[in-house]
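Each remark here refers to the structure printed beneath this line.
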Amino acid sequence: MTAAQDAGASGDGFLRIALPPGGEVRVENRRGGVSVEVWDEESVGLAVAAEAPAKKSPRAKSPLNVERSERLLSITIARTAVTTQTRVDLRLRVPASARLNLLTSEGEIEVGGLPATLSARTISGEVRVNIPTPPNADVTAQSLNGTVMLGAGVDEAGGGARTVRGKYRARWGEASRAVNLFSGRGRIHLTTAPPVDMAGARTNAASPPRGNDPRDIEQTAPVRAPAPPALEAPQEVDDDEVVRVDADLVTLNVSVVDRASGRGLKGLSRSDFKLYEDNVEQEISHFEASDAPFDLLLLIDLSGSTAKVTDLIRAAAQRFVSATRPQDRVAVLAFTSGTVVVSPLTADRRALLDAINRMQPPVGDTRLYDALAAAMTYLEREAVNTRRRAIVLMSDGLDSTMPNVTGVGSALRYEEVRDRAREFDGLLYTIWTSTEYEAFSPEDIQPETFDLAHDRTKELADAGGGAFYFVERMEDLAGAYERVVADLGTVYSLSYRPTNTQRDGKWRAIRVRLPRHTDAVARGKRGYNAK
4 MTAAQDAGAS GDGFLRIALP PGGEVRVENR RGGVSVEVWD EESVGLAVAA
54 EAPAKKSPRA KSPLNVERSE RLLSITIART AVTTQTRVDL RLRVPASARL
104 NLLTSEGEIE VGGLPATLSA RTISGEVRVN IPTPPNADVT AQSLNGTVML
154 GAGVDEAGGG ARTVRGKYRA RWGEASRAVN LFSGRGRIHL TTAPPVDMAG
204 ARTNAASPPR GNDPRDIEQT APVRAPAPPA LEAPQEVDDD EVVRVDADLV
254 TLNVSVVDRA SGRGLKGLSR SDFKLYEDNV EQEISHFEAS DAPFDLLLLI
304 DLSGSTAKVT DLIRAAAQRF VSATRPQDRV AVLAFTSGTV VVSPLTADRR
354 ALLDAINRMQ PPVGDTRLYD ALAAAMTYLE REAVNTRRRA IVLMSDGLDS
404 TMPNVTGVGS ALRYEEVRDR AREFDGLLYT IWTSTEYEAF SPEDIQPETF
454 DLAHDRTKEL ADAGGGAFYF VERMEDLAGA YERVVADLGT VYSLSYRPTN
504 TQRDGKWRAI RVRLPRHTDA VARGKRGYNA K
């Protein structure tokens with residue numbers, strides 16, 4: 004970095020790094036926050052602010068890592084194993100044409116202006132985005148355990164400040180810029196400001212509110228000129244919404260196993276597959292082999308019925324992480340009445356194991372269906388488009404909406420979540436852990452309810468194109484996880500553009516054959532609704 008600074012540093016303290024139009028800037032800071040301004044230059048400006056260590060080691064290495072390929076600039080501040088590590092904050096200036104992807108652990112994320120696309124994710128930090136007027140964006144903002152705070156006039160001309168719990172979605176103007184914001188435990192602030200001076204200076208704009216009181220937005224939100232009417236009215240959306248990035252391209256993930264042995268088949272090529280939609284053969288336009296990377300999400304049920312075996316669940320989850328392939332990224336979510344992010348998507352196995360070791364059961368009732376919908380939304384938003392996706396659900400299948408299951412259950416109905424699993428752009432594996440006990444009174448959970456939980460958990464796996472595993476004893480959970488990982492290693496991805504281009508909402512049946520391998524069977528989703 005010293006040599007780079009000598010070559011490209013400007014007088015304002017920013018290192019200049021070239022970026023082609025439409026290039027991606029990916030920033031991960033595990034030791035502090037990230038502050039971004041959008042400017043009119045085609046390069047990226049980078050400045051680093053770090054606390055001075057009490058005692059500097061002559062062997063200490065810089066935590067900053069900058070890598071650049073043809074269209075990707077990656078900036079990383081890694082977390083170290085030292086508990087007294089110094090804080091490091093990043094300041095960036097990015098072109099308006101950039102695709103920006105930000106990730107922190109506890110650090111705050113602040114963005115002034117809008118790049119072409121913006122994805123900002125943090126485990127527990129706050130996210131603040133100041134949007135220039137007139138607004139022109141498709142915005143999704145979600146805080147799992149916090150709030151989305153909207154400044155005055157954000158979602159309607161002249162409208163006042165308000166607070167939204169959970170998830171907020173709005174389309175402003177032509178919505179040509181995509182904004183996706185997520186925080187596990189922090190708040191998200193959306194404010195508007197007059198147009199940004201593209202040299203970096205902001206005119207007549209107040210800074211985003213920093214107080215801890217929700218009323219801060221009302222007191223300090225900047226005054227702006229009335230915005231032109233939006234093409235669509237802003238709306239708060241539920242987690243069961245499905246967004247298709249490319250509605251014309253159908254992607255199918257299939258695992259291929261030998262009928263006799265049940266073992267997965269690796270090393271297959273595109274020419275081994277024949278794909279049919281409604282019995283009409285389709286041309287496979289894109290193919291990914293079984294060794295292509297996954298973004299995996301492990302969803303763990305920590306409700307009251309599993310509280311006595313939390314240590315076993317932790318150990319099994321760590322076995323799952325250890326069994327995954329190095330090229331796979333893994334996220335861990337846990338749920339009871341709420342869903343918490345134990346660890347965001349990462350390839351850092353040590354960070355994953357440490358997060359699972361600290362995992363504590365959330366308090367409350369069991370809302371399985373809401374949690375599964377939230378997991379699908381999380382992975383659809385956070386996963387990289389070039390990676391395949393899969394969710395692994397561990398649960399006894401009991402939701403508090405079911406007969407004799409105490410507490411307040413999910414807001415979503417089972418049928419809604421099952422249909423969502425059919426539309427999910429990925430695989431869903433389910434591991435059913437039996438918690439059945441003998442019912443001594445009519446108020447106890449009856450055998451019919453446990454049977455229903457079993458059947459629904461299996462049906463979810465069928466709808467999600469994955470596989471169902473039954474674990475009778477929690478001591479066998481780790482083995483089930485390892486079988487899932489082995490199964491994922493035999494998954495192939497096939498994409499095609501349907502010859503039937505009508506979007507009439509009707510069911511399209513999909514069938515996959517392997518003519519050269521007569522003893523093999525392809526297991527995956529059986530179709531989709533042409534919406």
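Take any residue in the sequence shown, count from 1 to its spot, add 3: that is its number in our numbering. Yeah, the Cβ is synthetic: ideal placement off N, Cα and C, and Gly gets one too. Computed from a predicted structure; not experimentally measured.
Outcome for residue i when other beta-carbon atoms lying within 10 angstroms are tallied against a minimum of 16
i    : result
K269 : exposed
H192 : buried
L153 : buried
V97  : buried
N503 : exposed
K170 : buried
Q363 : exposed
D522 : exposed
T409 : exposed
A378 : buried
R131 : buried
Q285 : buried
D314 : exposed
R180 : buried
R273 : exposed
P329 : exposed
S38  : buried
L18  : buried
Closest by C-alpha distance to residue i, when choosing among the options
i    : options                   : result
G267 : V257, P347 and G35        : V257
A50  : V28, P66, G16 and N32     : G16
D298 : Y381, D158, R370 and R391 : R391
V324 : E73, R165 and R486        : R486
A155 : R165, G429, S146 and I434 : R165
R519 : S498, G412, L271 and R425 : L271
Q505 : L252, L93, N104 and S38   : L252
L278 : R19, R511, V132 and D522  : R511
V345 : W42, R94, R29 and E109    : E109
N407 : A393, L415, D447 and R425 : D447
E475 : G467, S437 and V494       : S437
D373 : D351, R352, R416 and A350 : R416
V167 : V151, T195 and W175       : V151
A326 : G482, L103, E111 and L95  : G482
A358 : A320, V114 and S398       : A320
A386 : L348, E280 and G467       : L348
E45  : Q330, G26, L305 and T369  : G26
D281 : V335, N532 and L18        : N532
T452 : D428, A489, D402 and G412 : D402
R425 : L382, G467 and D275       : G467
R361 : L67, R317 and D465        : R317
C-beta contact flag for residue i and residue j at 8 Å
i    : j    : result
L591 : A119 : The displayed coordinates of the chain run from 4 to 534. Any statement about residue 591 would go beyond what the structure contains.
E31  : T89  : no
G149 : R124 : no
I287 : Y499 : yes
V41  : L93  : no
V395 : L301 : yes
G527 : L255 : yes
Y459 : G400 : Just to set this straight, residue 459 is Arg in the shown sequence, not Tyr. Yes, the Cβ-Cβ distance between R459 and G400 is below 8 Å.
V182 : T143 : yes
L355 : V335 : yes
S340 : L371 : no
I434 : L375 : no
L121 : L103 : yes
P135 : G176 : no
V515 : F276 : yes
Coarse secondary structure for residue i, derived from DSSP in three states
i    : result
K170 : strand
F17  : coil
R94  : strand
E235 : Note on E235: pLDDT 31, under 50, position unreliable in the model; the coordinate value appears next. Coil at E235, not helix or strand.
H520 : coil
A123 : strand
L271 : coil
N207 : Model confidence at N207 stands at a pLDDT of 35, short of 50, so the residue's coordinates are unreliable and nothing is read from them.
L491 : helix
R486 : helix
E45  : coil
heavy atom of the ligand ATP below 7 Å from residue i C-beta
i    : result
V395 : Ligands in the displayed structure: none, and consequently the ligand ATP is not present.
Give the list of continuous alpha helix (DSSP H) stretches no shorter than 4 residues that lie fully inside the segment 421-483.
450-466
Report the residue ranges of all alpha helix (DSSP H) runs contained in full by the segment 354-409; include only those spanning at least 4 residues, in chain order.
371-385
Start-end ranges of the alpha helix (DSSP H) lying completely within the segment 274-359, minimum 4 residues:
313-326
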